[in-house]
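These notes are about the structure you will find just below.
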């Protein structure tokens with residue numbers, strides 16, 4: 062009997078009987094609803110507090126809503142979900158810990174900053190491919206206001222934002238992953254290493270994360286003995302305009318021209334001309350909501366057959382920033398096929 | 062062919078060809094070195110800064126040292142390690158992100174507060190049992206000073222500590238888990254759900270976590286159709302004296318008397334009479350270092366044949382504490398056999 066999980070190269074796994082993303086849901090804030098993808102999201106909240114009394118509670122509610130919606134769109138019941146793999150940007154993963162407590166489902170908390178969608182889908186897929194579970198969920202979130210409070214300035218301070226800065230997406234994406242046929246197969250994963258080029262500018266996270274994205278995509282090509290021609294699209298999480306250009310250059314240095322294949326969730330979710338979002342959207346919720354609303358839709362409709370999804374994470378903290386440290390980064394690749 | 066990974070009940074997995082903890086290492090601070098287990102740790106640092114310039118950097122160094130020591134005690138080389146599963150208590154997992162960057166090994170960041178040793182060993186074991194990896198590592202840490210800075214008061218403030226409070230362990234435990242024979246088999250896991258009894262006193266985390274430990278142990282008994290007689294010891298992570306008594310009572314309510322089998326890492330690592338540590342030790346590093354130094358030693362020497370290891374985590378954050386919220390908790394069970 063062929064083993065279902067095959068180790069490929071140094072960083073990758075191939076799933077021969079692949080798990081499926083069976084259903085997904087996205088819940089976003091008002092600004093995301095007004096952006097170019099606005100009519101694709103499942104739910105747009107007009108109230109940034111989502112009926113709660115704190116930003117953190119609002120973000121937890123986003124996760125709960127996205128999870129509930131995704132289960133509702135699937136053909137399984139909540140009690141069939143064996144594990145949730147969840148994480149967020151807040152210290153001690155407050156949105157997940159408080160948002161998911163009511164679910165009463167075994168929980169693996171994960172942390173990969175804005176790459177968390179990639180990490181959670183990777184581990185969820187591994188658990189299904191291995192037979193450890195029939196159905197699991199991956200969920201992640203971010204909220205503009207809870208992130209600004211955590212990492213930058215109180216909203217009322219009205220700080221200026223340089224052109225290289227990104228705008229944290231208010232949103233949550235949730236995914237039911239299981240053994241039954243669904244929207245897209247998870248054919249394989251490439252797990253990232255921490256990459257740190259020593260860049261210290263937390264207002265230019267695209268530049269910090271581009272080397273990590275390059276490392277993961279390059280190693281993915283090595284491990285699977287393929288190149289950009291294998292994919293209809295390669296889609297990073299939240300590099301934004303600055304990181305996007307850097308990634309193309311870094312890949313060129315390695316001998317690959319991905320410029321015609323590369324999209325970035327952060328550049329698609331907002332209209333920078335009219336929405337004042339500078340380099341683009343960011344946050345765990347950015348890649349997760351765009352995956353649910355746009356990428357999986359295009360795969361389902363046959364527009365894209367095979368996509369390399371590469372959420373990117375900047376592993377900084379308010380403390381590391383205040384201590385003047387660099388911004389180590391990581392990116393996790395997931396191969397999606399229709 | 063029998064499947065290697067068997068789903069047991071609602072929350073557990075059994076591994077028929079079990080992964081092994083092949084090697085482990087513990088690095089602790091001076092106070093832990095002066096405690097009852099002092100001569101069992103692999104390395105005791107006399108300098109609480111571990112030669113670094115910040116508490117966070119010191120904690121990252123603990124992880125790096127423990128990892129390096131554990132690899133050195135195993136018969137494999139660093140390049141054979143396919144994944145690291147790592148996490149810590151600091152916001153955005155700063156100790157792991159900065160401490161492990163140099164390792165250049167694919168990383169899955171995990172978060173389960175002080176239950177992280179259980180979560181990381183669970184996922185590491187799953188990855189080996191599934192064939193996704195031959196050798197992986199699980200590592201976690203805590204540091205008294207970085208935790209006090211993060212969650213409570215600056216050290217220089219000299220705040221008073223109630224008798225129910227615990228003392229965050231300065232230490233890191235690292236584990237090489239793989240397919241080759243070693244110290245202990247990981248026979249199965251029971252993954253915890255979030256349990257929240259509404260307790261809001263972060264100076265009494267044992268009381269917050271005891272219901273989560275009870276839930277995991279009870280479901281473990283259900284899933285494996287066993288009871289406390291199956292184990293030489295059931296060992297929780299960092300309940301401390303208060304949580305220890307509560308757990309015994311909660312299990313009695315469910316019809317199980319675990320009082321003769323129950324140990325708690327937090328109660329073993331310090332001598333409360335002479336070390337002023339009140340209810341006991343806590344932190345991710347508490348259960349991880351005691352597992353490496355004491356539990357695995359006793360299993361190796363045949364003193365204990367089968368142990369249920371149940372690290373416990375209080376999923377609070379400084380923000381949730383300041384917002385007056387309760388302390389949701391989680392506990393992850395790991396079955397260890399000689």
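Protein chains in written order, with my numbering: chain F, 62 to 399; chain X, 62 to 399. Even glycine gets a Cβ: it sits at the ideal position worked out from N, Cα and C.
Can you pull the chain X neighbours of residue i, defined as C-beta to C-beta under 9 Å?
i	result
residue 252 of chain F	143, 144, 167, 168 and 169
Got a sec: is the Cβ-Cβ distance from residue i to anything in chain X below 8 Å?
i	result
residue 161 of chain F	yes
residue 153 of chain F	yes
residue 184 of chain F	yes
residue 366 of chain F	no
residue 180 of chain F	yes
residue 221 of chain F	no
residue 336 of chain F	no
residue 247 of chain F	no
Give me the chain X residues within the contact set of residue i, using Cβ-Cβ distance strictly less than 7 Å, ordered along the chain.
i	result
residue 123 of chain F	By Cβ distance, chain X contributes nothing, its closest Cβ being about 16 Å from residue 123 of chain F, past 7 Å.
residue 255 of chain F	158, 161, 162 and 168
residue 72 of chain F	167
residue 115 of chain F	384
residue 315 of chain F	Result: empty, since nearest Cβ-Cβ is about 17 Å, beyond 7 Å.
Within the same chain, show all residues whose beta-carbon is closer than 8 Å to that of residue i, passing over the 5 residues directly before and after it, in chain order.
i	result
residue 386 of chain F	261 and 377
residue 242 of chain X	81 and 83
residue 149 of chain F	120, 124, 155, 156, 157, 177, 201, 202, 203 and 345
For residue i, which residues of its own chain have a beta-carbon under 6 Å away from its beta-carbon, when the five flanking residues on both sides are left out?
i	result
residue 257 of chain X	387 and 389
residue 107 of chain X	91
residue 178 of chain F	201, 348, 349 and 372
residue 214 of chain X	220
residue 180 of chain F	171, 173 and 393
residue 2 of chain X	What is shown of chain X runs 62 to 399, which leaves residue 2 of chain X out entirely.
residue 205 of chain X	229 and 231
Cutting at 7 Å between CB atoms, please list the residues of its own chain near residue i, excluding the five before and the five after it.
i	result
residue 311 of chain F	271, 272 and 275
residue 113 of chain X	119 and 122
residue 368 of chain X	292, 293, 294, 296, 356, 360 and 397
residue 303 of chain X	225, 265, 267, 268 and 340
residue 309 of chain F	319, 320 and 323
Please classify residue i as buried or exposed, where buried requires at least 16 other C-beta atoms within 10 Å of its C-beta.
i	result
residue 314 of chain X	exposed
residue 259 of chain F	exposed
residue 116 of chain X	buried
residue 318 of chain F	exposed
residue 62 of chain X	With a pLDDT of 45 at residue 62 of chain X, under the threshold of 50, the modelled position of that residue is not reliable, and the figure given next carries that caveat. The residue in question, residue 62 of chain X, is exposed, as its Cβ has fewer than 16 Cβ neighbours within 10 Å.
residue 161 of chain X	buried
residue 383 of chain X	exposed
residue 224 of chain X	exposed
residue 364 of chain F	exposed
residue 321 of chain F	exposed
residue 163 of chain X	exposed
residue 342 of chain F	buried
residue 246 of chain F	buried
residue 100 of chain X	exposed
residue 128 of chain F	buried
Counting only C-beta atoms, is residue i closer than 8 Å to chain F at any point?
i	result
residue 188 of chain X	yes
residue 172 of chain X	yes
residue 148 of chain X	yes
residue 80 of chain X	no
Please list, in chain order, the chain F residues whose beta carbon lies closer than 8 Å to that of residue i.
i	result
residue 64 of chain X	192
Using a threshold of 7 Å, is the CB atom of residue i nearer than that to any non-hydrogen atom of the ligand SAM?
i	result
residue 249 of chain X	Among the components modelled here there is no ligand, and therefore nothing to report on the ligand SAM.
- Item | Interfacial residues, the stretch 376–396 of chain X to chain F, with Cβ spacing under 8 Å | Listed by position, the residues of the stretch 376–396 of chain X near chain F (Cβ gap below 8 Å) are 376, 377, 378, 379, 380, 381, 384, 386, 389 and 391.
- Query: According to a CB-to-CB cut-off of less than 7 Å, which residues of the stretch 286–317 of chain F neighbour chain X?
  - Reply: Within the stretch 286–317 of chain F, no residue places its CB atom closer than 7 Å to a CB of chain X.
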